[in-house]
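What follows is one structure encoded as structure tokens, with my remarks underneath.
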Amino acid sequence: MKKKIGLLTAALLLTGVLSAGALTTAKAEAILGDLDASRNFSNTDFSAVMTMVTEDPEKGIDKIKVQQFRRDGKDTFLMLFLEPESKKGQGYLRINDNLWFYDPESRKFNHTSMKDSFGGTDAKHSDFRISTLKEDYNVKTVADGKLGRFSVYIMDLKAKNSEVTYPRLKLWITREGHLLLKAEDYSATDRLMRTSLFPKYAKVKNRYIATIMIFVDELVKGRKTQISIANISTKKLPDTIFTKSYVERVNR
Amino acid sequence: MENVILKIAYRNIWKHKIKTLIIGILVALGILILVVGNSFMDSAAAGMRKTYIENFTGDFIITSGAMKNPSMFMDGIMEDRDSALPIIPREPDIEKHLKTVKGVAAFNPQIAGAVAIKHGDDNGFALIFSFDPVKYQEVFKNNIELVSGSFLKEGQEGIVLSDETVKRMRESGGEKVAVGDKVLLTGINNITGTKIREVTVRGIFKFKNEAPQLKVLSFLDVNNMRIINGMLKNTEVSANLSTEEKALLGSVNENSLFGESDGGLVTDSSSSSSAPVDYLSILGDTSKRNLYRETDPNAWHYIVVKLDNGVRPGKVIRQLNTWFTAQGIDAKAYSWLLGAGAIGKLSNTLKIVFNLLILIIAVVGVIIIMNTLVISVTERIGEIGTMRAIGAKKSFVRRMIMLETLMITVIFGFIGALLGIVITWILGAIGFTATNTFLQVIMGGKVFHPVVSVSAVVLSLVIIGAVGILASLYPVSVALKINPVKAMGEN
């Protein structure tokens, strides 16, 4: 009789553990969905000025200023260099799933990859498009943790496809409000490539935009890029902004 | 006296035929491997040297003193690329001086870079050299063969693509690149960022030398290469950082970023009216950027120098480096080997590895010969003891044993060397065809004809002597310890 009770208890415990695991994963995926939704301006356009400061142990400090235009509803964006003078007018235009780079000196566009670095910084082009974490990644593990004063979920994600920039991510998401505070980006061989930190957010039209981002290059010691965002606007932008002809015209 | 020693040594060698033959075969085999192996290594190194000197590096190169790796190949270009390849300071002064240096036949200032090439749907990649076409052909005479089109002309824009690059682009699909077509080149530098240039294909060529490492090389006009590399006349003053930006410099402290003392994580921000008003004038004044489009006509990465026949590069390199120091010019002259980079050094590295293996074999050989000789000496204890008893001095015994060893090693060593020479000669006459790219790199081309290396033969002779002397040391000491009375008693 005792043996039967023991077996039953074990079975119940096992069922409990499995269902708790499944529940956690499901909840984690829901949180990823929340995260995507809170970061994407699906119903409005978005524009801002980004200042990117890159520190490199060999090259020194480099500062660029970029005008960002986003239309998340169509997964499109334009990033136009405002400073320095030597890069002014260069731009990255994402339209119809293609990313184009424009060089105003030769007045030529060339196709480039979302996985590449943005303008020599530690940010990737993919950092500036809509967030699709739930669509692109599976949650492998979830744990509770602390980051500074924040209670966080620590999620380990594995990519569902090869289109993403990093095949594995580790995210620190606040338990309250579901904001992304930190991300570790790993290569296919599980090597830590980059650590991203998001210590400041602005709430705009019930969406959250990181106003300070820090991208630490884990391959080059002492190299990192800080990005600050200002002049945020959700005003409707003219359709012509997201065209090659606008990029050419603005450079005339 | 010497005749007596010679006779005794000769008699002993004949008396112990089997032992002599074992030692002899070992010596001959070792020397044979040494002659053939080193002849191969020397031939490969000579082929590599010829490949580089006649197509790539000239007899020596000059770079900025700030160049981290003087290799003109990918390893050097990519190593220095993160901080931009440094340009040679006061290059016009160096050119002026080179014209006065005795033994300098010609020189060619060059720029290096790497570009992605696009032609319709075809994509490719090329390592680029840019130069004054006239000067290039003065240094590298008749080293290329045009497949179609023409070589770059002085002051002409355009690219001359290697046929291998065209072939690889073709493999990616689409229409084949032809002379007269326009291609898009994209390169990245840390001054002006990504640059795109549209250039005309002026020609398609291949190097007469078939070394695979040359095949990725194409030639672009100087101005376009300088634009792609960001080699500008005017440099921009770096922007000032705000207090907030300065505060985030240095190492990241997560506790401080997300800690108690910090302000709130989220600030409310209503949709501001700070969106640009006039979308066509968001760049503001664009006239200043033209200032940063002018290229520096004196910006070069390398000067490739060709010497008159028979002039030793080492001496000219030393002279020039002394002159740079005296003039306060931060430039440096390097041998072709350093300019050739990792691939160029490969044959030398392999030779070192090979000689280390030979050294190990030699040590083992010495031990085997020594042991055999010790056995031989032990067998002759009575004989040596009797010699000593009837008045033979220690020096007599020493010379006798040494002569025996030297006779074996020298005779069989010469046989080995001779066989090595014959085998190398036969292999050289037949020739090797390398199907493997790695072997082609090592051999400096597809077909390899090893030639007998004089230095390998000389080295083998030195080794023969050294092995003979070394191998006899211990047997001699054993022989000298023999007590004449005891030895005769035992006998």
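Protein chains in written order, with the numbering used here: chain A, 2 to 253; chain B, 3 to 493.
Even glycine gets a Cβ: it sits at the ideal position worked out from N, Cα and C.
- Judged by DSSP in its simplified three-state form, Glu-256/B adopts helix.
- Look at the beta carbons and you see the segment 88 to 98 of chain B not touching the segment 127 to 134 of chain B: under three pairs across the two are nearer than 8 Å.
- The continuous beta strand (DSSP E) containing Tyr-103/A extends over residues 99 to 104.
- With contacts defined as CB atoms closer than 7 Å, Val-203/B and Asp-183/B qualify as a contacting pair.
- Within chain A, Ser-87 and Lys-88 have C-beta atoms less than 7 Å from the C-beta of Thr-194/B, given in sequence order.
- Straight-line spacing of the CA atoms in Thr-374/B and Ile-25/B works out to 8 Å.
- For His-99/B, there is no enclosing beta strand (DSSP E); the residue is found in the alpha helix (DSSP H) stretching over 93 to 100.
- Out of Phe-153/B, Asn-144/B, Asn-231/B and Val-454/B, the CA that lies nearest to the CA of Glu-56/B is found in Asn-144/B.
- By a beta-carbon distance limit of 8 Å, Thr-26/A contacts Val-140/A. Their separation comes to about 5 Å.
- The C-beta of Ala-203/A comes closer than 7 Å to at least one C-beta of chain B.
- With respect to the 7 Å criterion, Thr-426/B and Val-454/B are classified as neighbours on the basis of their beta carbons.
- For Ser-283/B, the three-state secondary structure derived from DSSP is helix.
- Here the C-alpha atom of Ser-337/B lies approximately 48 Å from the C-alpha atom of Arg-400/B.
- DSSP places Glu-200/B outside any alpha helix (DSSP H); the residue lies instead in the beta strand (DSSP E), whose first and last residues are 195 to 209.
- In this structure, Ile-466/B and Leu-28/B do not form a Cβ contact; the two beta carbons are roughly 12 Å apart against a cut-off of 8 Å.
- In this structure, the straight-line span from the alpha carbon of Gly-39/B to that of Phe-356/B is close to 8 Å.
- For the 7 Å CB-CB criterion, Glu-247/B and Val-54/A form a contact.
- Put simply, the segment 81 to 91 of chain A does not touch the segment 125 to 135 of chain A. Fewer than three CB pairs are less than 8 Å apart.
- Contact annotation: in the segment 85 to 116 of chain A, residues whose CB is within less than 7 Å of a CB in chain B are Pro-85, Glu-86, Ser-87, Lys-88, Lys-89, Gly-90, Gln-91, Phe-102, Asp-104, Glu-106, Ser-107, Lys-109 and Asn-111.
- When the alpha-carbon of Ala-47/B is set against those of Val-478/B, Leu-463/B, Leu-472/B and His-451/B, the nearest one is in His-451/B.
- Contact annotation: Phe-209/B and Val-162/B have beta-carbon atoms that are not nearer than 7 Å.
- Taking a cut-off of 8 Å on C-beta distances, the segment 379 to 386 of chain B does not touch the segment 56 to 72 of chain B, as fewer than three cross pairs fall below it.
- When the Cα atoms are used, Leu-220/A and Arg-195/A turn out to be separated by approximately 8 Å.
- Rounded to whole angstroms, Ile-213/A and Phe-243/A show a C-alpha spacing of 25 Å.
- Taking 7 Å as the threshold, the shortest C-beta distance from Gln-69/A to chain B does not fall below it.
- Contact annotation: in the segment 135 to 165 of chain A, residues whose CB is within less than 7 Å of a CB in chain B are Leu-148, Gly-149, Arg-150 and Phe-151.
- Close to Glu-256/B, with beta-carbon spacing below 8 Å, are these residues of chain A in chain order: Leu-148, Gly-149, Lys-183 and Leu-198.
- Contact between Ala-30/B and Leu-405/B does not hold, since their C-beta atoms are separated by about 19 Å, which reaches or exceeds 8 Å.
- When DSSP states are grouped into helix, strand and coil, Glu-381/B belongs to the helix group.
- Taking a C-beta distance under 7 Å as the contact criterion, Lys-235/B and Leu-186/B do not qualify as a contact pair.
- Membership of Lys-21/B in the alpha helix (DSSP H) is indicated by the continuous run 19 to 57.
- Listed along chain A, the residues sitting closer than 7 Å to Phe-260/B by beta-carbon distance are Leu-148, Gly-149, Arg-150, Phe-151, Leu-182 and Pro-200.
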